[in-house]
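Worksheet for the structure shown next.
Protein chains in written order, with our numbering: chain A, 3 to 318; chain B, 606 to 862.
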């Protein structure tokens, strides 16, 4: 199967000498729903910026559906739709004009562009606002406008940089549903997000980037299998005065008095309840402390920061 | 992209530019009309009647071609510099950068957008001038060619200014400190025959002098310089500025990191 995106040895050094990317390799298969995760300043937006021609690379290769961006940039761009992190449309233009103008840049005649704009503005709940200047839209509507604009030329690869930042939960869920539908219909999707719950819910493959290097590039399933420990938060019927000791399970009380229990991979949750029963503690509800991917992500980034620190100290 | 797709992309840019300046007509179309009407009344009617003839024509007839050209130059420049810089400032330029539109189409689209405003203003000023004087055209092709090429040249200048600008102050420096003095000293209000020899020589280094005189030749049939030299000069300037603008676009000067 063709890869929707292939990146080889990509480096980027900005004018001030800051090395944002240190030779990354990445591939995203056609039809994939892929997440590029990393802390602020890790190199996510620089990577996507280079793919979308908004940032000049220093070295390396980028191919979109096999089209090398050095030699076949126009073909690569025709297959690409981009939803940036920041609002980047003319705030004074009307919603419909913004979307049809974008289609025009791809060489789509106005009649066809209007039909496509209507399709996506309706799908994204913006059709009623088509004659409204963009500045009058709410934050969530502006995000959906950028998605409609990115899709108007029917790209095979959709890149979204923090698509649900600042969007309320209900709208975020509806955007997830929309993106899942797009992916089911064949559009390859790459997203960066700070909401790791989002990546865990939507994506099949994940890359974690930090300090300009890819730390992990694998399937979500394989990544989650690396998780050796999970923390569960238990709300008890009666407030606990002291931390109960459960055989084989580290415990502590959180600030609200709920009981936190660490469960190693391979340990059964049943045993936790046997222990609680033995101590006469009744549990009324239970949840995981953090989302599983978040635990892994934090651990990897912390380990990378520690290694970087050691390397710097060693060099000094 | 196919030739048809390229034309669609080009016309999309031009239509968007025209939509922009007509949407804000009170800022773009009305002010030059008012200013030029004041010039016609004050310089042409009130003061001009005391000046008498210049270049064999009454003063009003003499300054009309220069004033039309002045309006075309400032409007062509202003349209591109303000539109492109606003796109940079709002980052909506990214809409174009992620699309497959080639750089030469982007440049051509903006230049034609600037020309649409510049020539539109030129037409408005020409119509207004008819209320004050009678215009007879000496050489129509020369007149049209000069005004079209001049408009294209200053639209290109506005584009380069916008590429280099990093703040709003930067887009007003050139119009205020370069364009306006050169235009006023470019023979809009006088024939350089009135100047002493040294200053005539200095005036010959002013590119706007050639454009104003080329256009004046097209309307009145009189010029301080050879009109074909004027056309040649404009074409050379256009080639140089277009080359610079395309190089800047290729390198992403001020628009790509």
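Don't be surprised by glycine CBs; every beta carbon is placed ideally from N, CA and C.
query: Taking the alpha-carbon positions, what's the residue 644 (chain B) to residue 785 (chain B) distance?
result: Mapped onto the second chain, residue 644 (chain B) falls at position 39. Mapped onto the second chain, residue 785 (chain B) falls at position 180. Rounded to whole angstroms, residue 644 (chain B) to residue 785 (chain B) spans 15 Å at the Cα level.
field: Backbone secondary structure at residue 238 (chain A) - three-state DSSP
entry: Counted from its first residue, the first chain places residue 238 (chain A) at position 236. In the structure shown, residue 238 (chain A) sits in a strand (DSSP, three-state: E or B).
message: If you reduce the DSSP assignment to three classes, tell me which class residue 827 (chain B) lands in.
response: Residue mapping note: residue 827 (chain B) aligns to position 222 of the second chain, counting from 1. Coil, per DSSP.
message: Strictly below 9 Å CB to CB, what residues from chain A border residue 621 (chain B)?
response: Residue numbering aside, residue 621 (chain B) sits at position 16 when the second chain is read from its first letter. Near residue 621 (chain B) (Cβ distances below 9 Å), the residues of chain A are 92, 95, 99, 103, 106.
query: According to the Cβ coordinates, are residue 599 (chain B) and residue 680 (chain B) closer than 8 Å?
result: Absent from the model: residue 599 (chain B). The displayed extent of chain B is 606 to 862, so no value can be given.
message: Quick check on the burial criterion: 16 or more other C-beta atoms within 10 angstroms. Buried or exposed for residue 2 (chain A)?
response: The structure shown does not extend to residue 2 (chain A), since chain A is modelled only from 3 through 318, so no value can be given for it.
- request: Measuring only between beta-carbons, confirm whether residue 51 (chain A) sits less than 8 Å from chain B.
  value: Stepping through the first chain from its first residue, residue 51 (chain A) is reached at position 49. Interface residue, yes.
Under 8 Å by beta carbon: chain A residues contacting residue 561 (chain B): An answer regarding residue 561 (chain B) cannot be provided, because it is not within the stretch 606 to 862 covered by chain B.
field: Near the ligand FMN: residue 200 (chain A) beta-carbon under 7 Å from a heavy atom
entry: Of the ligands one can find in the structure shown there are none, so the ligand FMN has no counterpart to examine.
field: residue 793 (chain B) beta carbon less than 8 Å from that of residue 817 (chain B)
entry: As a position in the second chain, residue 817 (chain B) is number 212, starting the count at 1. As a position in the second chain, residue 793 (chain B) is number 188, starting the count at 1. Between residue 817 (chain B) and residue 793 (chain B), the gap from beta carbon to beta carbon is short of 8 Å.
field: Whole-number beta carbon distance between residue 136 (chain A) and residue 92 (chain A), since they are thought to touch under 8 Å
entry: Against the first chain, residue 92 (chain A) aligns to sequence position 90. Against the first chain, residue 136 (chain A) aligns to sequence position 134. Right, their Cβ atoms sit about 7 Å apart.
query: So what does DSSP say about residue 6 (chain A), is it helix, strand or coil?
result: Mapped onto the first chain, residue 6 (chain A) falls at position 4. Three-state result, residue 6 (chain A): strand.
message: Quick check on the DSSP output: the beta strand (DSSP E) that includes residue 221 (chain A) runs from which residue to which?
response: Taking the first chain and counting its residues from 1, the one referred to as residue 221 (chain A) is at position 219. Unbroken beta strand (DSSP E) run through residue 221 (chain A): 215-221.
- prompt: Of all Cβ atoms in chain B, is any one closer than 8 Å to the Cβ of residue 47 (chain A)?
  reply: Within the first chain, residue 47 (chain A) is the residue found at index 45, counting from 1. With 8 Å as the cut-off, residue 47 (chain A) does not count as an interface residue toward chain B.
message: Any beta carbon from chain A within less than 8 Å of residue 750 (chain B)'s own beta carbon?
response: Working through the second chain from its first residue, we reach residue 750 (chain B) at position 145. So no, residue 750 (chain B) is outside the interface.
- prompt: Rounded to the nearest angstrom, how far is the Cβ of residue 241 (chain A) from that of residue 254 (chain A), given a contact under 8 Å?
  reply: Numbered from its first residue, the first chain carries residue 241 (chain A) at position 239. Numbered from its first residue, the first chain carries residue 254 (chain A) at position 252. In fact, because the Cβ distance is near 15 Å, the residues do not count as touching under 8 Å.
Continuous beta strand (DSSP E) assignments of at least 3 residues falling wholly in the region 138-194 of chain A: Counting whole runs of 3 or more residues, the region 138-194 of chain A contains the beta strand (DSSP E) stretches 159-163, 190-194.
Alpha-carbon spacing of residue 325 (chain A) relative to residue 214 (chain A), whole angstroms: Residue 325 (chain A) lies beyond the residue range present for chain A, which begins at 3 and ends at 318; the question has no answer from this structure.
- request: Find the nearest neighbour of residue 124 (chain A) within the set A:200, A:147, A:191, judged by alpha-carbon distance.
  value: Against the first chain, residue 124 (chain A) aligns to sequence position 122. Minimum Cα distance to residue 124 (chain A) is reached at A:147.
message: What does DSSP give as the partner residue(s) for residue 36 (chain A) in the beta ladder?
response: Walking along the first chain from the start, residue 36 (chain A) turns up at place 34. Paired residues: A:192, A:207.
task: With 8 Å as the threshold, decide whether the Cβ of residue 308 (chain A) is near any Cβ in chain B.
output: Sequence index remark: in the first chain, residue 308 (chain A) carries index 306 (1-based). Answer no: the Cβ-Cβ gap between residue 308 (chain A) and chain B never drops below 8 Å.
task: Please report how far the alpha carbon of residue 631 (chain B) lies from the alpha carbon of residue 638 (chain B), in whole angstroms.
output: In the second chain, counting from the first residue as 1, residue 631 (chain B) sits at position 26. In the second chain, counting from the first residue as 1, residue 638 (chain B) sits at position 33. Those two C-alpha atoms are separated by around 10 Å.
field: Residues of the region 12-30 of chain A whose Cβ lies closer than 8 Å to any Cβ of chain B, in chain order
entry: 16
message: Less than 8 Å between the C-beta atoms of residue 660 (chain B) and residue 796 (chain B), yes or no?
response: The residue labelled residue 660 (chain B) in the question sits at position 55 within the second chain. The residue labelled residue 796 (chain B) in the question sits at position 191 within the second chain. Yes. Within cutoff.
- request: Step through the CB atoms of chain A and report whether any lies within less than 8 Å of the CB of residue 779 (chain B).
  value: By 1-based counting over the second chain, the position of residue 779 (chain B) is 174. Not one chain A Cβ lies under 8 Å of residue 779 (chain B).
message: In this structure, how does DSSP classify residue 26 (chain A) when only helix, strand and coil are distinguished?
response: Numbered from its first residue, the first chain carries residue 26 (chain A) at position 24. In the structure shown, residue 26 (chain A) sits in a strand (DSSP, three-state: E or B).
- prompt: Alpha carbon to alpha carbon, what distance is there between residue 274 (chain A) and residue 261 (chain A)?
  reply: On the first chain, position 259 is the one that residue 261 (chain A) refers to. On the first chain, position 272 is the one that residue 274 (chain A) refers to. In a straight line, the C-alpha of residue 261 (chain A) is about 12 Å away from that of residue 274 (chain A).
field: Element boundaries [alpha helix (DSSP H), containing residue 762 (chain B)]
entry: Locating residue 762 (chain B) in the second chain gives position 157, where the first residue counts as 1. Per DSSP, the unbroken alpha helix (DSSP H) holding residue 762 (chain B) starts and ends at 745-769.
task: Would you mind stating whether residue 83 (chain A) and residue 613 (chain B) have Cβ atoms separated by less than 8 Å?
output: Stepping through the first chain from its first residue, residue 83 (chain A) is reached at position 81. Stepping through the second chain from its first residue, residue 613 (chain B) is reached at position 8. No; because the gap between Cβ atoms is not below 8 Å, this pair is not in contact.
message: I need the straight-line Cα distance from residue 783 (chain B) to residue 775 (chain B), nearest angstrom please.
response: Within the second chain, the letter at position 178 stands for residue 783 (chain B). Within the second chain, the letter at position 170 stands for residue 775 (chain B). Taking the straight line from one Cα to the other gives about 12 Å.
- request: Kindly provide the ranges of any alpha helix (DSSP H) runs that are 4 or more residues long and lie completely inside the region 80-127 of chain A, ordered along the chain.
  value: 97-107, 112-125
- prompt: Interface residues of chain B around residue 76 (chain A) at Cβ under 9 Å?
  reply: As a position in the first chain, residue 76 (chain A) is number 74, starting the count at 1. In chain order: 606, 705, 706, 707.
message: So the candidates are B:815, B:790, B:666; which of them puts its Cα closest to the Cα of residue 804 (chain B)?
response: For this step, residue 804 (chain B) is matched to residue 199 along the second chain. Comparing Cα-Cα distances from residue 804 (chain B) to each of B:815, B:790, B:666, the minimum goes to B:790.
- prompt: Looking at the structure shown, is residue 287 (chain A) part of a helix, part of a strand, or coil, going by DSSP?
  reply: By 1-based counting over the first chain, the position of residue 287 (chain A) is 285. Residue state, collapsed to three classes: strand.
- request: Check each candidate in A:121, A:46, A:35 and name the one with the smallest Cα separation from residue 12 (chain A).
  value: Here residue 12 (chain A) is taken as the residue at index 10 of the first chain, counted from 1. Ranked by Cα distance from residue 12 (chain A), the first of A:121, A:46, A:35 is A:46.
task: Could you say which of A:249, A:236, A:41 lies nearest to residue 258 (chain A) if we only look at CA atoms?
output: As a working mapping, residue 258 (chain A) is identified with position 256 in the first chain. When each option's Cα is compared against that of residue 258 (chain A), the closest is A:236.
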